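Notes follow once the structure below has been shown.
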Amino acid sequence: MRSSRVDLPCRHHRARSDRRRRERQTVTSWVPDIREVEIRSGAEVSSGEAFQRWEAHMSETYFPLAVSPTAPHHFHGWISHGRYGGVELSAVGSTPQRVRRTARAVADAEEEYLLAGIFVRGQGRLHQGDRVAELRPGMMVLYGSGERYHWEIEGRWEKAVVQVPLSRLREHSGITLDEVPTVVALPGNSATGVVARYFQGLAGIQRTDPDQAAVLAAPAMDMLVSAVTLAAGSERSTPDAFARERVLDYMRAHRTDPGLTVDRIAQGCLMSRRTLYRVFDEIEGGPAAVLRRMRVDYACELLTKSALPIAAVARASGFLTERHFYRAFRLEKGVTPAAFRVSDLA
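Numbered per the working numbering, the sequence shown spans residues 1 to 346.
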């Protein structure tokens, strides 16, 4: 089947009509339900202009999102989006960025979705509530659109993303979001990894042969249900999962205590230091990194919702020194606490 290619020019203010700079984006329409977009900054298109278009396309593909670059000097991104009955599948990749689902967008939404994100290239970190999932190639994570979240993605990356309305999921399988183990990094060498590879392969074929992709997508909803069922069963049946949740509860309750260390966590949870590290084996950086992120996330809340001085925020968040706080904050957020407070990230 032949494709139709349409070059869409950027829209500019009339005062700039004599300086026509074009953003080249290629939209390929093989069948009505397949859409491809590629955006790149360059000599004729500034990175800021390209990124504005990218944010619009991301919101159109999924739902309203706030997207900001973490490498602002050059941008390149692409999306291949397909619709197969009640299931949407996209292959997406770009230069580094931060993606947020804001509280306002959640409140304005008419439909809630379940998403499965599968990393093909690069790595990223998903934050939702007080949960964090570290993703590397081959790993999958399930999450919902009905709660604030944000992705921090470093380096060039590529993902396959499956999206289905929760109402369709309930109609098809009876599964509700409460039964879905969200924001859990599901390894590629597990049973759920088989499902992840199916969607990753389907997203690849969608870009090269949409007709074959349409045939292979027939069991897509059942495959997603299988992933949810397998992930839920794995979480319930793994002793380490229970232990990890117990440790996380303890860490949340004591995160503002500056005396809380890895040794204190192990003692408080009645386990050895070795066992503690084992139950966090799938989380990059182990328990110390998780505790640091919890404290930084709490500091972000204080910076956003209070006028406390930076030093007071550091103490209230469990950091022994202001210097340690600055170092940890920059490591996690890429900016200083003061810069975060006045930025749109807050």
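Glycine residues also receive a C-beta, built at the ideal position from the N, C-alpha and C atoms.
Owing to the predicted nature of the structure, the values given are computational and were not obtained by experimental measurement.
Let me make sure I understand the geometry here. Which of the options has the alpha-carbon closest to that of residue i?
i: Ala220; options: Leu169, Glu179 and Gly259; result: Leu169
i: Gln52; options: Leu308, Gly77 and Ser90; result: Gly77
i: Trp151; options: Thr336, Arg315, Phe340 and Glu332; result: Glu332
i: Asp108; options: Glu55, Ser145 and Glu88; result: Ser145
i: Asp33; options: Ser47, Gly86, Phe75 and Ile39; result: Gly86
i: Leu135; options: Gly285, Thr256 and Ala191; result: Gly285
i: Ala218; options: Glu55, Glu36, Glu88 and His81; result: Glu88
i: Thr229; options: Arg330, Ile265 and Asp178; result: Asp178
i: Val162; options: Ala213, Phe199, Val215 and Arg273; result: Phe199
i: Leu114; options: Val132, Tyr149 and Leu276; result: Tyr149
i: Lys305; options: Val342, Arg274 and Arg207; result: Val342
i: Ser190; options: Asp222, Glu282, Thr256 and Tyr277; result: Glu282
i: Gly155; options: Glu171, Arg121 and Val92; result: Arg121
i: Gly201; options: Leu302, Leu224 and Ala160; result: Ala160
i: Val225; options: Thr208, Thr192, Pro210 and Asp211; result: Thr192
i: Glu147; options: Val106, Asp211, Gln212 and Tyr84; result: Val106
i: Ala91; options: Ala307, Glu38, Tyr277 and Val132; result: Glu38
i: Ala50; options: Met58, Phe75 and Arg197; result: Phe75
Leaving aside the five residues before and after residue i along the sequence, list all residues of the same chain whose C-beta is less than 6 Å from its C-beta, in chain order.
i: Gly174; result: none
i: Arg35; result: His81
i: Leu291; result: Met251
i: Tyr84; result: Ala217 and Ala220
i: Phe325; result: Ala314 and Phe319
Taking the Cβ atom as the reference point for each residue, do residue i and residue j lie within a distance shorter than 7 Å?
i: Pro413; j: Glu111; result: There is no way to answer for residue 413, as the model of the chain reaches only from 1 to 346.
i: Ala71; j: Thr95; result: yes
i: Ala328; j: Val313; result: no
i: Val195; j: Ala227; result: yes
i: Leu318; j: Pro258; result: Position check: residue 318 holds Gly in this sequence, whereas Leu was assumed. Going by C-beta atoms, Gly318 is nearer than 7 Å to Pro258.
i: Tyr143; j: Thr182; result: yes
i: Val247; j: Ala288; result: no
i: Val206; j: Ile153; result: Here the sequence assigns Gln to residue 206, which means Val is not the residue at that position. No, the Cβ-Cβ distance between Gln206 and Ile153 is not below 7 Å.
i: Val279; j: Arg244; result: yes
i: Pro337; j: Leu302; result: no
i: Gly93; j: Trp157; result: yes
Can you list, in chain order, the residues of its chain whose CB lies under 7 Å from that of residue i, leaving out five sequence neighbours each side?
i: Met139; result: Phe119, Ala185, Leu186, Pro187 and Gly188
i: Arg334; result: The residue asked about is misnamed: residue 334 is Gly in this sequence, not Arg. Contacts found: Thr70.
i: Arg330; result: Thr336
i: Ser68; result: Gln97 and Arg98
Sorted by chain position, which residues of the same chain lie with C-beta nearer than 8 Å to residue i's C-beta, five sequence neighbours on each side aside?
i: Gly268; result: Tyr250 and His254
i: Arg353; result: Within the shown structure, residues of the chain are numbered from 1 to 346, placing residue 353 beyond reach of any answer.
i: His73; result: Ser47
i: Glu322; result: Ile310, Ala311 and Ala314
i: Ser272; result: Ala266
i: Phe340; result: Cys300, Leu303, Phe329, Lys333 and Ala346
i: Met223; result: Val195, Tyr198 and Phe199
i: Leu308; result: Leu302 and Ala316
By DSSP, does residue i sit in helix, in strand, or in coil?
i: Pro287; result: helix
i: Leu65; result: coil
i: Val132; result: strand
i: His172; result: helix
i: Ser80; result: strand
i: Val31; result: Low confidence applies to Val31: its pLDDT is 49, below 50, so where it sits in the model is not reliable, and the reading given next is rough at best. Coil, per DSSP.
i: Glu36; result: strand
i: His73; result: coil
i: Ala43; result: coil
i: Gly361; result: Since the first residue shown for the chain is 1 and the last is 346, residue 361 is missing from the structure and cannot be characterised.
i: Pro165; result: strand
i: Arg255; result: coil
i: Phe280; result: coil
i: Val313; result: helix
i: Leu308; result: coil
i: Val120; result: strand
i: Leu260; result: coil
i: Leu248; result: helix
i: Val342; result: helix
i: Glu179; result: helix
i: Leu186; result: strand
i: Gly155; result: strand
i: Leu302; result: helix
i: Gly144; result: strand
i: Ala266; result: helix
i: Leu230; result: helix
i: Val99; result: strand
i: Val106; result: helix
i: Glu87; result: Reading off the sequence shown, one finds Val at residue 87, where the question assumed Glu. Strand, per DSSP.
i: Lys333; result: helix
i: Tyr326; result: helix
i: Leu224; result: helix
For a cutoff of 7 Å on Cβ pairs, would you count residue i as touching chain B?
i: Arg197; result: Going by chain labels, chain B is absent from the structure shown, which holds only one protein chain.
When you compare the region 120-133 with the region 40-52, are there three or more beta-carbon pairs, one atom per stretch, that lie closer than 8 Å?
With a cut-off of 8 Å, the region 40-52 and the region 120-133 do not count as touching, because too few Cβ pairs lie within range.
Report yes or no: do three or more beta-carbon pairs, one from the region 101-115 and one from the region 55-66, lie closer than 8 Å?
Touching, per the Cβ criterion.
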